[in-house]
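Residue numbers (my numbering): 81 to 402.
Beta carbons are placed, not taken as given, at the ideal position from N, Cα and C, and that holds for glycine.
Single-structure report; data block below.
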């Protein structure tokens, strides 16, 4: 092979190698490709997944400590694992989540304006000055540090990091072995549900509609495509893992609440759906005027309708397996 061909082959190899390196390096940091619920890229010129060296160059006054970079001017801490940024903590009021949530915001207003989000609050004890509100949005984890009802810090992370580690990053005193060993499910049990809301009016309209009987005959409740007998695997595969889980009673082992259906679904030990429950607030007389005495007169063969009543009001409409 001539020296010219050797040189040309080497040149092609270098160009290809350079292209691969650049592609790898910029894959996660190109603004056009980067997606986040936060505005870190437009505010800080980098995002999660960026390399340590690149973040160091971009910060105004970086201070390196173990696996973190601190920038007091930008009120920012960036944590790294394997040389890549995996979460950031900031008290910078210019930083936003979902374009609307800032440090300094009133927590209750944030909850009221974002009822579609599933927010949970962890507090070490009743007398603790601070609490930690956490949620997952579009495969990213967010934790708010809250004091006196106001958001004081925001942590944005990649979803795969356990929430207990993120809370501990905001408060190192909580980073005990016992706390860090908690699973997400165990943490949920110790947390309050902030954005859990039931739209009673929506369920009332469904139950009082002309289509109600047709849904019952099909083994369904209105606008809830979850038939009696549905498997847990099918439920999770199609609609995702439930965020809200409640202990069942009788044949029902667990109730799962799905916001999109505004209803509870009960599964038995065999992981089969055996009960669907609509919370409602309907005068019993109004229900009977429209549908008659369905609870006693309706024959659904394999299923049955049950109405929970309190003070002449129907509070639950339940379709269950016989």
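So, with DSSP's three-state summary, where would you put residue 339? Residue 339 falls in the coil class under three-state DSSP.
message: Which of the three DSSP states is assigned to residue 204 in this structure?
response: If DSSP states are grouped into helix, strand and coil, residue 204 belongs with coil.
Go through its chain and collect everything with a Cβ distance to residue 150's Cβ below 6 Å, but skip five positions before and after it. Listed in chain order, the non-local C-beta contacts of residue 150 below 6 Å within the same chain comprise 143 and 157, local neighbours out to five positions each way being set aside.
Considering only their Cβ atoms, is the gap separating residue 166 from residue 237 smaller than 8 Å? It is a contact, given that the beta carbons lie within the stated cut-off.
**Report entry** Assigned secondary structure, residue 278 (DSSP; H/G/I helix, E/B strand, else coil)
**Finding:** Three-state DSSP puts residue 278 in coil, outside helix and strand.
Residue 220 - partner residues in DSSP beta bridges: Residue 220 is bridged to 217 and 238.
Output needed for residue 168: all residues of its chain with C-beta closer than 6 Å, excluding positions within five of it in sequence on either side, in chain order. Taking C-beta separations shorter than 6 Å and ignoring five residues to either side along the sequence, the partners of residue 168 in its chain run 158 and 236, following chain order.
Q) The beta strand (DSSP E) with residue 354 in it runs from where to where? A) First-last of the beta strand (DSSP E) with residue 354: 353 to 363.
**Nearest-angstrom Cβ-Cβ length linking residue 177 and residue 222, presumed shorter than 8 Å** = Taking 8 Å as the upper bound for CB-CB distance, residue 177 and residue 222 are in contact here, some 6 Å apart.
List the DSSP bridge partners of residue 249.
Per DSSP, none; premise fails for residue 249.
If you draw a straight line from the alpha carbon of residue 128 to that of residue 171, how long is it in whole angstroms?
Between the alpha carbons of residue 128 and residue 171 lies a distance of about 17 Å.
TODO: Pick helix, strand or coil for residue 308, following the three-state DSSP scheme.
DONE: The three-state secondary structure of residue 308, taken from DSSP, is coil.
Excluding the five sequence neighbours on either side, which residues of its own chain have a C-beta within less than 7 Å of the C-beta of residue 331, listed in chain order? Only 348 and 354 meet the Cβ criterion.
*Skipping 5 residues on each side, what residues in its chain have a beta carbon closer than 7 Å to that of residue 264?*
Excluding five sequence positions before and after residue 264, the CB atoms of its chain that fall closer than 7 Å to its own CB belong to 242 and 243, given in chain order.
Problem - Range covered by the beta strand (DSSP E) that runs through residue 389 - result: Looking at the DSSP string, the run of the beta strand (DSSP E) that includes residue 389 is 383 to 390.
### Query
Three-state secondary structure (DSSP) at residue 150?
In the three-state reduction of the DSSP assignment, residue 150 falls in the strand class.
- So, residue 260 versus residue 202, is the Cβ gap smaller than 8 Å? Taking C-beta atoms as the reference points, residue 260 and residue 202 fail to come closer than 8 Å.
_Closest by C-alpha distance to residue 164, when choosing among 180, 248, 139 and 135_ = Closest in alpha carbon position to residue 164, among 180, 248, 139 and 135, is 135.
Where residue 252 and residue 258 are concerned, what is the direct C-alpha to C-alpha distance, given to the nearest angstrom? The alpha-carbon separation between residue 252 and residue 258 amounts to approximately 13 Å.
request  = For my contact list, residue 275 and residue 187 are in at a C-beta cut-off of 8 Å; report their separation, rounded to the angstrom.
outcome  = A Cβ-Cβ distance of about 11 Å is found for the pair residue 275 and residue 187, leaving them out of contact under the 8 Å criterion.
Are the beta-carbon atoms of residue 394 and residue 362 separated by less than 8 Å? Cβ distance < 8 Å, so residue 394 and residue 362 count as in contact.
State the DSSP-derived secondary structure class of residue 197, mapped to helix, strand or coil.
Here residue 197 sits in coil by DSSP.
DSSP three-state assignment for residue 345, whether helix, strand or coil: Strand.
| field | Residue range of the alpha helix (DSSP H) that includes residue 137 | value | Unbroken alpha helix (DSSP H) run through residue 137: 132 to 138.
So, with DSSP's three-state summary, where would you put residue 403?
Because the chain in this structure spans residues 81 to 402, residue 403 falls outside the shown range and cannot be described.
query = Can you tell me the Cα-Cα spacing of residue 204 and residue 180, whole angstroms?
reply = A direct Cα-to-Cα measurement between residue 204 and residue 180 gives close to 28 Å.
Excluding the five sequence neighbours on either side, which residues of its own chain have a C-beta within less than 7 Å of the C-beta of residue 284, listed in chain order? Cβ neighbours of residue 284 beyond the five flanking positions: 360, 361 and 362.
Self-check item: Nearest residue (CA-CA) to residue 213, options 160, 206, 191 and 207
Solution: The alpha carbon of residue 213 has as its nearest neighbour, out of 160, 206, 191 and 207, the alpha carbon of 191.
Roughly how many angstroms separate the alpha carbons of residue 122 and residue 140, rounded to a whole number?
Spanning the two alpha carbons is a distance of roughly 15 Å.
In whole angstroms, what separates the C-alpha of residue 97 from that of residue 124?
For residue 97, the pLDDT reaches just 42, beneath the cut-off of 50, and the residue's location in the model is therefore unreliable, leaving the point undetermined.
Residue 143 by DSSP, collapsed to three states: which one?
Residue state for residue 143 is assigned as strand, using DSSP reduced to three classes.
| Run of the beta strand (DSSP E) containing residue 175, from where it starts to where it stops | It is not in any beta strand (DSSP E) - residue 175 carries neither H nor E in the DSSP assignment.
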